[in-house]
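In structure tokens, the structure reads:
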């Protein structure tokens, strides 16, 4: 293992290991032997804290002799009021969503006897709803009439004349056969540390805090159940713990019926109460479980790491719900809240594809004053007719390396490979109990493993390079936690978050997901949003954010806008607070600010990108020439310059430029392949350019010096337009227009001819461009003429790339005019029905970019 480049490891038992031997004296003696050996080789150990996974049960030891700690869940059924006074509701067909996927071995692992059996049925509430939507507490008169291991029946008397049209019964039960624990109960977590953590501490002895540096928890969750009558707002059962629900009832008293309806009915009227419930529910679970683990770790001189259920594994979408239909029911999807208890952030990732995990992990870590994360990388089979646990023996070292570098780009510090195996199992095709098909591959049984050391060394060097830099903090993307609480995994915020996080990453625009708690604690620093941890962002993105904590959140947005910050929102706008306040009108007024760009649907990336880049003049960035595959980049500042990681994730050579906004630069290369460094280049005026071979990683340190230099300006806001006629000045006034989609959809559906776009562009006094300027029109299909300060600059009868403007720009305000001459289609086809495919697009179709003419320096020869 050490020879292959692994400097640290965890010991994990799987289903192939007898559960009754987990934490036995023999097992712990072997763990101690491994620690002794690791210490002699200078290696590090993390305690993997569970048998198989699902931290908390300690292979069943947590609930052994402590039945009161077994998982408990809340069920509900809504029944219409009919002609009879007696209203009866039944809970039937209870089934686990996640354990069912694990086949018979999984069922035998989780359940004593292989199936869920229920007891200790308890009535939590019976709430009637009147015809006008008012809740009526009927609990005092309700009863559980029948209960058995598969369900129960409840009833209450409701006279037809009462005005109540429906009754919702809520009941709780313990799964008496389950080895999983009640994560809302702090006593269960304490018991877990007694039977699951203390034995490790005794076995490792003096290695605790030295060779053994941290504890790693893995996906703690009760089983996600559903049932036949579930028509409520959560697709999976909520956990139940009597003390917690009693505290809620006492805290909310007269509003207790509304709180129960919020978690059992979809009615929008209860949306704010649903947020209130999830805030308390998430905090209780987080404090009870990871909070208890953290306290144990700190008493024993080790760090806490690990990861919860992540709904965005294998995806950019935080509603991907890979493990269960509704992971809100597990710690409320409050990733920032969970990370507050960790010392080292951990996430998991599945398969060899770009995904959100590492970026989200780095984001929650930075919110708590840390950076980077451990990424547990595993592989699941997604081929029809197979099973995900069969894994991916087809994995090549090249694929693993590419995935490792993607994770580094997005925020990973260390890859935790799942897994290095003791044995490769047998010839059977049994899932999970045969190591061969327990989320393969066992990386050390791959024929290419002899070459693994090269990847380990390269990854370590990349990690060290990245650790020495601070993010550029261009864009903050708000994680819409309350929208998730309110709307669940079907809400549009998921696809909007995916839209932004993936495209910003592919574009190389530095961003972080941020927590609403950080937004509420923010201040405006110039035109930036300064968070409590000190990071400052000039742009805030709201991806399908419909619900916020309070009016204070809206006020934070106003202050940010007033200071010159830029807000970009897609999808719905915030309209509701957790306190039940309607903020729709207030937010719509804010969205009229010229610094707020709102797109009701999912915009084209060109349009969204322009809104962001307009707020980032003079940014340090990377420009990739066209080519196949993805060019990934990550830039960050250090004490003497900017560090740049480039990864060519494609099969073609790529030419890549590094653009800075200073007069000159010099570059040093850190070679990830062998750990050497080049001599610095001479000081060079202007931007530099390098080439990357297919799949190559390059690490550059760029020192910048001198006066501020001109940089590109994205011209999105401030355009005016008028059609040109024979007497344009007399007959046509200038009207505001956006430089995309064309004039035919912005008030001129049939106009054909020449249209003038005009904008005032300010060039700062210290923005020097000795080689002049050029105008890039990313998308227009017509003939173009450009005037600068009233003087003809250039013409492009057909699209032909950037338009040179020479030296016509000066410092201060310049009047830029773009004359576009269209075809006659919309004039002649209008009203005929013959056009068929809609009006022709006329004018500017994407935001123009004004940029200095660049004199590139090819520096590969200087870095050799």
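Numbering (the UniProt record's numbering), first residue to last: 1 to 864.
Heads up, the beta-carbon is just placed ideally off N, CA and C, and yes, glycines get one too.
Rounded C-beta distance between residue i and residue j? I'm assuming under 8 Å.
i, j, result
"residue 377", "residue 415", "6 Å"
"residue 195", "residue 62", "6 Å"
"residue 611", "residue 576", "Incorrect: roughly 25 Å between the Cβ atoms, too far for contact."
"residue 511", "residue 568", "The Cβ separation is near 11 Å, so there is no contact."
"residue 47", "residue 200", "5 Å"
"residue 260", "residue 170", "6 Å"
"residue 158", "residue 138", "7 Å"
"residue 469", "residue 271", "Contact doesn't hold; Cβ gap of about 42 Å is too wide."
"residue 41", "residue 2", "5 Å"
"residue 304", "residue 294", "5 Å"
"residue 198", "residue 306", "Going by Cβ atoms, the distance from residue 198 to residue 306 rounds to 18 Å, so no, they are not a contact pair."
"residue 104", "residue 177", "With 8 Å as the limit, residue 104 and residue 177 do not qualify as a contact, their Cβ atoms being about 15 Å apart."
"residue 497", "residue 317", "7 Å"
"residue 646", "residue 622", "7 Å"
Quick one: give me the first and last residue of the beta strand (DSSP E) that residue i is part of.
i, result
"residue 286", "No beta strand (DSSP E) contains residue 286, which is instead part of the alpha helix (DSSP H) from 271-288."
"residue 494", "Looking at the DSSP string, residue 494 is not in any beta strand (DSSP E); the run it does join, the alpha helix (DSSP H), is 493-507."
"residue 62", "From DSSP, residue 62 is part of no beta strand (DSSP E); its letter is neither H nor E."
"residue 31", "Careful: residue 31 lies outside any beta strand (DSSP E), inside the alpha helix (DSSP H) at 25-40."
"residue 516", "Not the beta strand (DSSP E): residue 516 falls in the alpha helix (DSSP H), residues 516-520."
"residue 597", "596-599"
"residue 637", "630-637"
"residue 851", "849-852"
"residue 231", "Neither: residue 231 is in no beta strand (DSSP E) and is coded neither H nor E."
"residue 706", "697-708"
"residue 690", "688-692"
"residue 304", "303-307"
Can you tell me which of the three DSSP states residue i falls into?
i, result
"residue 647", "strand"
"residue 348", "strand"
"residue 865", "Residue 865 is absent from the model: the chain starts at 1 and stops at 864."
"residue 474", "coil"
"residue 858", "strand"
"residue 245", "helix"
"residue 91", "strand"
"residue 655", "strand"
"residue 322", "coil"
"residue 135", "strand"
"residue 752", "coil"
"residue 830", "coil"
"residue 608", "helix"
"residue 587", "helix"
"residue 147", "strand"
"residue 258", "helix"
"residue 486", "helix"
"residue 567", "strand"
"residue 623", "strand"
"residue 21", "helix"
"residue 714", "strand"
By DSSP's criteria, residue i is part of a beta bridge. Which residues make up the other side?
i, result
"residue 578", "Note: residue 578 sits in no beta bridge, so no partner."
"residue 169", "77 and 126"
"residue 46", "10 and 214"
"residue 181", "70"
"residue 373", "412"
"residue 735", "721"
"residue 378", "350"
"residue 547", "576"
"residue 175", "118"
"residue 367", "DSSP output for residue 367 lists no bridge partner at all."
"residue 529", "524 and 537"
Taking the alpha helix (DSSP H) that residue i belongs to, which residues open and close that run?
i, result
"residue 552", "551-562"
"residue 152", "It is not in any alpha helix (DSSP H) - residue 152 instead sits in the beta strand (DSSP E) that spans 151-157."
"residue 202", "198-204"
"residue 106", "103-110"
"residue 334", "Premise fails: residue 334 is in no alpha helix (DSSP H) and is neither H nor E."
"residue 867", "Nothing can be reported for residue 867: it is not among the residues displayed for the chain, which extend from 1 to 864."
At the 9 Å Cβ level, is residue i part of the contact set with chain B, yes or no?
i, result
"residue 850", "Of the protein chains in the structure, only one exists, and it is not chain B."
(message) Restricting to runs no shorter than 3 residues, where is the beta strand (DSSP E) found entirely within the segment 761-817?
(response) Secondary structure remark: continuous beta strand (DSSP E) runs of at least 3 residues inside the segment 761-817, in chain order: 773-776, 783-788, 791-796 and 803-806.
(request) Please list the segments of the beta strand (DSSP E) lying wholly inside the segment 660-686, counting only runs of 3 or more residues, in order along the chain. (result) Look at the segment 660-686 and you find these whole runs of beta strand (DSSP E), each 3 residues long or longer: 662-670.
(request) Just list the alpha helix (DSSP H) runs in the segment 390-465, keeping only unbroken ones of 4 residues or longer that don't cross its boundaries, in chain order. (result) Look at the segment 390-465 and you find these whole runs of alpha helix (DSSP H), each 4 residues long or longer: 397-410.
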